[in-house]
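Asks: Take a look at the following structure, please.
In my numbering, the protein residues as written are 527 to 926.
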């Protein structure tokens, strides 16, 4: 049977259906790019299941014609057991990328590693020196609960407690004030300065607007980080929004790879395949650093103000009027790293932000603006610290 399948797959051009809503918060375009790259290299024919514009439910896809298309495999985004049972009856290989599932289902599934997303968000805020961590999520949603778990566990490991505030899922008919006013009331109760992780970028956008209305400064009073790195949200708001990159491109590519294995008759994985987030894309909404030690705080301020220039750690120590050795000791005690490593990471963060802009400046110019001096030094730092190249952070690469 397996041999027959393999022969069929080699002589037949597979036709694959994508049964996905027209938009998903974690970046459907990047997901499609991943699927398309795998499909192109394996000579698949892709077809999209149309969205029913008159549908009022959470799964607005018109499935009426899908079975008659005689597809060889389906990639679906479904969170409803009824929909999944329908697919399983068709005896066609199916991969589900629905993220809000807490029930057992026989259909193989890929999912974002939501706990890891929460962990990265917490690590970023803790790295800013923030002690008051808060979470805003969606009530009763599996992915939100998992992100909260990762966020809370990381805070616990740092001996910090968190405050959380959950609101129901926002339907299309929900009034803005039904969500907006409770968030404003909650924000007024927070201990400041606070580091706030919103479950996804759209919720973070609401938080930014609410902070502005009640007079909370972002990032000075509340540093805000979202998730999904939706460029239309993150880049076109004030301040620009820091976000966890959930690696939607890899999600798409691995979904197609798993579907290919199923079409070849290989057994499905016993557990959901988890896709780790790639990194935090730091922007203005978390561009702040807090420190209790005055020497450490002064050193951080000096490096923030002069990162584009060439200077030694002796110059930093002199600026805060302590010896270099004492600065090293106090910096490590509070920041868990050295001033030199902190400076390199600060410069890398600034360089990544410049690279992410459309029509960004040449690498040599970015290197000088961020204190690396030359493009060679910039590329070496990217390889050493990030195991990547500057090109990996351009808009075309991010959009993948």
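Glycine residues also receive a C-beta, built at the ideal position from the N, C-alpha and C atoms.
My guess is that residue 613 and residue 597 are in contact by the Cβ rule of under 8 Å, so how many angstroms apart are they, rounded?
Replies: As a working mapping, residue 613 is identified with position 87 in the chain shown. As a working mapping, residue 597 is identified with position 71 in the chain shown. Actually they do not touch by this definition, with Cβ atoms about 11 Å apart.
Asks: Should residue 750 be counted as a contact of the ligand GDP given a C-beta to heavy atom distance under 6 Å?
Replies: Absent from the structure shown: the ligand GDP. Ligands present: none.
Asks: Have a look at residue 910 and residue 871 and give me their C-alpha separation to the nearest angstrom.
Replies: Within the chain shown, the letter at position 384 stands for residue 910. Within the chain shown, the letter at position 345 stands for residue 871. So the two alpha carbons sit approximately 11 Å from each other.
Asks: Going by DSSP in three states, residue 833 sits in which element: helix, strand or coil?
Replies: Here residue 833 refers to the residue found at position 307 of the chain shown. Coil, per DSSP.
Asks: Return the bridge partner residues of residue 573 from the DSSP annotation.
Replies: Here residue 573 is taken as the residue at index 47 of the chain shown, counted from 1. Paired residues: 543.
Asks: Between which residues of its own chain and residue 546 is the CB-CB distance below 6 Å, once the five residues before and five after are set aside?
Replies: Here residue 546 corresponds to residue number 20 of the chain shown, with the count starting at 1. Cβ within range, chain order: 603.
Asks: Who pairs with residue 749 in a beta bridge, going by DSSP?
Replies: Here residue 749 corresponds to residue number 223 of the chain shown, with the count starting at 1. For residue 749, which the question treats as bridged, DSSP gives the partners 721.
Asks: Kindly list the residues whose CB is nearer than 8 Å to the CB of residue 779, restricted to its own chain and excluding five residues on each side of it in sequence; keep chain order.
Replies: As a first step, residue 779 is located in the chain shown; it is residue number 253 there, counting from the start. Once the five neighbours on either side are set aside, the close Cβ partners of residue 779 are 560, 561, 563 and 564.
Asks: Under a Cβ-count criterion, where at least 16 other Cβ atoms within 10 Å of its own Cβ denotes burial, should residue 538 be classed as buried or exposed?
Replies: Counting from one through the chain shown, the residue named residue 538 turns up at place 12. Residue 538 is exposed by the Cβ-count criterion.
Asks: Taking the DSSP output, what are the residues bridged to residue 637?
Replies: For this step, residue 637 is matched to residue 111 along the chain shown. DSSP, once it has assigned bridges, lists 800 as partnering residue 637.
Asks: Rank 845, 752, 773 and 771 by C-alpha distance to the C-alpha of residue 765 and give the top, closest one.
Replies: To locate residue 765, count along the chain shown from 1; it is residue 239. The shortest Cα separation from residue 765 among 845, 752, 773 and 771 belongs to 752.
Asks: Less than 7 Å between C-beta atoms, sequence neighbours within five positions excluded: which residues of the same chain meet that for residue 865?
Replies: Locating residue 865 in the chain shown gives position 339, where the first residue counts as 1. For residue 865, where only same-chain residues beyond five positions count, the Cβ hits under 7 Å are 825, 839, 842, 853, 854 and 857.
Asks: May I ask you to report which of helix, strand or coil DSSP gives residue 672?
Replies: In the chain shown, counting from the first residue as 1, residue 672 sits at position 146. Three-state result, residue 672: helix.
Asks: Could you tell me which residues DSSP puts in a beta bridge with residue 771?
Replies: If you number the chain shown from 1, residue 771 lands on position 245. In DSSP, residue 771 forms a bridge with 805.
Asks: Just to confirm, are residue 901 and residue 907 a CB contact at a threshold of 7 Å?
Replies: Within the chain shown, numbered from 1, the residue matching residue 901 stands at position 375. Within the chain shown, numbered from 1, the residue matching residue 907 stands at position 381. It is not a contact, given that the beta carbons lie outside the stated cut-off.
Asks: Touch check for the segment 663-682 and the segment 828-836: three-plus C-beta pairs under 8 Å?
Replies: The answer is no - the segment 828-836 does not touch the segment 663-682, with fewer than three Cβ pairs under 8 Å.
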